[in-house]
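*Asks:* Once you know that position 30 of the sequence shown is 60 in this note's numbering, the rest is easy, because the numbers rise by one and skip nothing.
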Amino acid sequence: MQKKNIDLFKIGFILVAFVWFLSEIIKAGLENIRIYQIFLFISCILALYEKIKDYRKEEE
Numbered sequence: 031m032q033k034k035n036i037d038l039f040k041i042g043f044i045l046v047a048f049v050w051f052l053s054e055i056i057k058a059g060l061e062n063i064r065i066y067q068i069f070l071f072i073s074c075i076l077a078l079y080e081k082i083k084d085y086r087k088e089e090e
């Protein structure tokens, strides 16, 4: 149960970071996006995907 709570916390944290990067990209405008913002945004998506995939595997 403790591990599941920690994993849910990590998923929530990644979701918050994902939404924050998305809002920064929208606020900056598409012409002012920096390369590192794109990489951080993509890394958030990949980390979220990996965590959800691991979570689903543990559920089975």
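For every residue, glycine included, the Cβ atom is placed at its ideal position computed from N, Cα and C. Just so it is clear, the structure is predicted and the values come from calculations on it, not from any experiment.
Take the Cβ of ILE82 as the centre, count every other Cβ of all protein chains shown within 10 Å, and call the residue buried at 16 or more, exposed below.
*Replies:* So ILE82 ends up on the exposed side.
*Asks:* Output needed for LEU52: all residues of its chain with C-beta closer than 8 Å, excluding positions within five of it in sequence on either side, in chain order.
*Replies:* Correct list, in chain order: PHE71.
*Asks:* Tell whether a beta-carbon distance below 7 Å holds between ILE44 and LEU78.
*Replies:* Yes, they are a contact pair.
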